[in-house]
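To keep things clear, I will list the structure first and then write my remarks on it.
In the numbering used here, the protein residues as written are 39 to 301.
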């Protein structure tokens, strides 16, 4: 299935995407749906009111996740372009719900940065509460996948060895538009998918998720060892090579560009 959260006036609704039609699932957003027992069957069987997909305003797939865990340095080619060794363990940092915006929302450029960068990422959305998950339990906890653009203020990121201050800016991170369940994808919870980002029609990033050093189930295992993952939580799995900061000279978003992310 392909699911989404859309804005309708002052509220939001969880919907199933059936071609050019959005079917209301009876929940305010996908976070509420995923927290419900039997959510897969409920979503598949829903016959609520419909609306056209054309012109829909997409909210973040989960507007208020309890946590957003992000992985740095997880594509081999990106690690190499940043001049680092392959890590033994995932490099983690966090974002906050206030960082999230919809996939077609404007990305505000903070006046405090001169180095606003792009990062297309495969996002993992959790569909069941898990703690210390291993093997099949980690795989079963994955509700599906979405697209994350981990827009980064590089000059703030590298002020210290900790990255939070460059990554968690308000209204900086597009997520969506869709959550796609693993049964729709080749290789299920370990999909090998093309990842691509363009700025004003110029391809900046192009790779495959097969290059991930730590795959989605491995990340669920690692993160859930430390903290309980809840339905609707998001793991951003890292970005491939081609970021602006690694270019010579560096290239950054000045304002007015169109950034397109695709998986």
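The beta-carbon is built from N, C-alpha and C at its ideal position, and this holds for glycine as well.
In this text, all values refer to a predicted model and were calculated from it rather than measured experimentally.
Next item on the list: Work out the CA separation of residue 242 and residue 267 for me, nearest whole Å.
Entry: 32 Å
Item checked: Run of the beta strand (DSSP E) containing residue 110, from where it starts to where it stops -> 106–110
Note to self: Considering only DSSP beta bridges, list what residue 200 is partnered with.
What the structure shows: None; residue 200 has no bridge partner.
Margin query: Can you tell me which residues form a DSSP beta bridge with residue 237?
Written below: 240 and 297
Check: Is residue 165 helix, strand or coil when you go by DSSP?
Finding: coil
Notebook entry, point to check: Which residues in the same chain as residue 140 place their Cβ atom closer than 8 Å to its Cβ, once the five residues preceding and following it in sequence are excluded?
Noted result: 45, 95, 96, 97, 98, 212, 213, 214 and 215
Notebook entry, point to check: Which value, in whole angstroms, describes the spacing of the CA atoms of residue 285 and residue 187?
Noted result: 18 Å
Item checked: Strand pairing of residue 155, partner residues [DSSP] -> 190
Note to self: I need the straight-line Cα distance from residue 246 to residue 235, nearest angstrom please.
What the structure shows: 12 Å
Margin query: At the 8 Å Cβ level, is residue 221 part of the contact set with chain D, yes or no?
Written below: In the displayed structure, chain D is absent; only one protein chain is listed.
Next item on the list: Along the alpha helix (DSSP H) that carries residue 49, what are the first and last residues, could you check?
Entry: Note, residue 49: premise wrong, no alpha helix (DSSP H); beta strand (DSSP E) at 49–56.
Checklist line | Contact set for residue 146: own chain, Cβ-Cβ below 7 Å, skip 5 residues either direction | finding: 209
Next item on the list: Look at the alpha carbon of residue 220 and the alpha carbon of residue 182, and state the distance between them as a whole number of angstroms.
Entry: 5 Å
Checklist line | CA nearest to the CA of residue 226, picked from 297, 239 and 162 | finding: 162
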